[in-house]
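Peer 1: Okay, handing you the structure first.
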């Protein structure tokens, strides 16, 4: 059961962050409203939300999930793979010290984005991507092993459709994964029950189990209906402004 979440409010220069989206830039006021609704949803799910102030030096910093990986007894400070995001970690150390006595850090030349890490109970899937290299992935695996977790590396470097592993897979129960079709045949996911997302709804693969609820982006009726049919209590949220910056629901918080 999650008890806490850490979020960071988007700054006025949010639209200056890294993005592959080619359409209209995000609307800042709409983004603030969507972020407020997201925080309120976390609170309705039973979490105490720690709200960090905007970090104007780092426009992408509202995607706070990328700067740390949290296990039950320790926190691992990431080392983001994009040079412009490297110093974002400076703003997460003190907040984490309030909750974790043991804090590890990924060291150079390893890189690691938290968006590449999918926790499935006592196992962690670690994506090796354009942002997380093998060195960073192996450092994380070693830290997790000290806490009694197993892990496996999932190489997605050849995939053009997603930036981070968690853009394509989410754990919604101890043995159930929501997964985009392009990842469904991967050997690493064998043994899990896969809830497949139709190609037109790939963005909704980034859903988030929060205690008795599943946060899901609005506008994806097929996967929403399937999850509801399986008995999950859905919390639909509009994160369209964050999607324009290549972000999703999981990116916006650290949950523990």
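Numbering (the numbering used here), first residue to last: 460 to 715.
Here a beta-carbon is modelled for each residue, glycine too, at the ideal position from N, C-alpha and C.
Whose CA, out of 711, 707, 703, lies closest to the CA of residue 479?
Peer 2: The candidate whose alpha carbon is nearest that of residue 479 is 703.
Peer 1: Run the CB neighbour count on residue 671, radius 10 Å, all protein chains shown included, and call it buried at 16 or more, exposed below.
Peer 2: Result: exposed.
Peer 1: For residue 561, count neighbouring C-beta atoms within 10 Å of its own C-beta (all shown protein chains included) and say buried if the count is 16 or more, exposed if not.
Peer 2: It counts as exposed.
Peer 1: DSSP state of residue 560, grouped into three classes?
Peer 2: Reduced to three states, the DSSP call for residue 560 is coil.
Peer 1: Per the DSSP calculation, residue 676 is bridged to which residue(s)?
Peer 2: DSSP, once it has assigned bridges, lists 696 as partnering residue 676.
Peer 1: Between residue 707 and residue 661, which are expected to be in contact by the criterion C-beta below 8 Å, what is the C-beta distance as a whole number of angstroms?
Peer 2: Contact flag wrong, Cβ pair sits at about 11 Å.
Peer 1: Hey, residue 490 and residue 701 are a contact pair by Cβ (cut 8 Å); roughly how many whole angstroms apart?
Peer 2: The Cβ separation is near 7 Å, so the contact holds.
Peer 1: From 528, 535, 550, 482, pick the residue whose C-alpha is nearest to that of residue 512; which is it?
Peer 2: Nearest option by C-alpha distance: 550.
Peer 1: Where residue 590 and residue 540 are concerned, what is the direct C-alpha to C-alpha distance, given to the nearest angstrom?
Peer 2: Roughly 4 Å separates the two Cα atoms.
Peer 1: By a C-beta neighbour count over all protein chains shown, 10 Å radius and 16 as the cutoff for buried, is residue 677 buried or exposed?
Peer 2: Classification for residue 677: exposed.
Peer 1: Excluding the 5 residues flanking residue 534 on each side, which residues of the same chain have their C-beta closer than 6 Å to its C-beta?
Peer 2: Within the same chain, residue 534 has close Cβ partners 527, 555, 559, 562.
Peer 1: May I ask you to report which of helix, strand or coil DSSP gives residue 473?
Peer 2: Of the three classes helix, strand and coil, the one that applies to residue 473 here is helix, per DSSP.
Peer 1: Given that a residue counts as buried once 16 or more other Cβ atoms are within 10 Å of its Cβ, and exposed if not, what is residue 686?
Peer 2: Buried, since its Cβ has 16 or more Cβ neighbours within 10 Å.
Peer 1: Tell me which same chain residues have a C-beta within less than 7 Å of the C-beta of residue 674, skipping the five on either side of it?
Peer 2: For residue 674, where only same-chain residues beyond five positions count, the Cβ hits under 7 Å are 500, 666, 667, 694, 696, 708.
Peer 1: Helix, strand or coil, according to DSSP, for residue 621 in the structure here?
Peer 2: The answer is coil: DSSP assigns residue 621 none of H, G, I, E or B.
Peer 1: Report the partner residues of residue 576 according to the DSSP bridge assignment.
Peer 2: For residue 576, which the question treats as bridged, DSSP gives the partners 585.
Peer 1: In the structure shown, what three-state DSSP assignment does residue 630 receive?
Peer 2: In the structure shown, residue 630 sits in a strand (DSSP, three-state: E or B).
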